[in-house]
């Protein structure tokens with residue numbers, strides 16, 4: 001076999017094995033597990049100024065997430081005692097692990113952080129990550145792009161993340 005072809009075959013074989021390992025998601029915690037869920041962060045990476053309705057949509061997603069995690073059996077941790085810590089952070093979804101330390105301080109076993117990033121008026125990206133606070137291991141995560149800036153597109157996008165990323169059946 002020619003050297004380049006051999007390398008290609010080995011790379012493809014490695015990708016297949018890696019994707020099978022990635023497909024196995026760790027199990028979700030049993031009902032009653034405590035979860036810290038800071039507010040969803042809106043990040044405006046576009047040249048278009050942030051509108052009040054975009055901030056309201058981030059609050060809408062926060063309420064949606066809290067309701068869904070509670071329905072799935074998580075007990076939402078009281079973030080009041082760590083409010084000052086959260087106020088010092090611009091984006092808990094991008095703070096190099098500070099969300100884990102804050103969740104531990106709140107007494108939570110798990111933490112979920114989400115953000116919506118506006119690239120342009122028509123292109124937005126949202127992601128949600130669920131971690132354990134012990135070792136910081138990611139249990140579930142997903143990101144999606146949405147193609148409009150409306151209440152409906154935001155909630156539809158987050159429902160997709162929850163259904164196919166966070167609470168997906170193995």
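In the working numbering, the protein residues as written are 1 to 170.
Glycine residues also receive a C-beta, built at the ideal position from the N, C-alpha and C atoms.
Among the options, which has the Cα closest to the Cα of residue i?
i	options	result
residue 46	68, 124, 59 and 150	124
residue 83	69, 74 and 99	99
residue 113	105, 91 and 60	91
residue 73	128, 51, 101 and 29	29
residue 55	157, 149, 159 and 156	149
residue 42	154, 104 and 135	154
residue 93	121, 49 and 138	138
residue 85	53, 60 and 103	103
residue 135	169, 97, 80 and 87	97
residue 63	164, 169, 81 and 158	158
residue 76	50, 119 and 31	31
residue 49	160, 88, 120 and 87	120
residue 217	115, 26 and 80	Past the edges of the chain, shown from 1 to 170, lies residue 217, and the structure says nothing about it.
residue 61	87, 27, 163 and 40	40
In the structure shown, what three-state DSSP assignment does residue i receive?
i	result
residue 152	helix
residue 37	coil
residue 69	helix
residue 48	coil
residue 79	coil
residue 169	coil
residue 32	coil
residue 24	coil
residue 135	coil
Going by DSSP, which residues form a beta bridge with residue i?
i	result
residue 130	112 and 140
residue 146	124
residue 74	Looking at the DSSP assignment, residue 74 forms no beta bridge with any residue, so it has no partner.
residue 43	117
What are the start and end residues of each continuous beta strand (DSSP E) run of 3 or more residues lying completely inside the stretch 81–126, in chain order?
110–118
I'd like to know if the stretch 62–70 and the stretch 134–150 are in contact, where contact means that at least 3 CB-CB pairs between them fall below 8 angstroms.
no
So does the stretch 30–41 actually touch the stretch 103–119, counting three or more Cβ pairs closer than 8 angstroms?
yes
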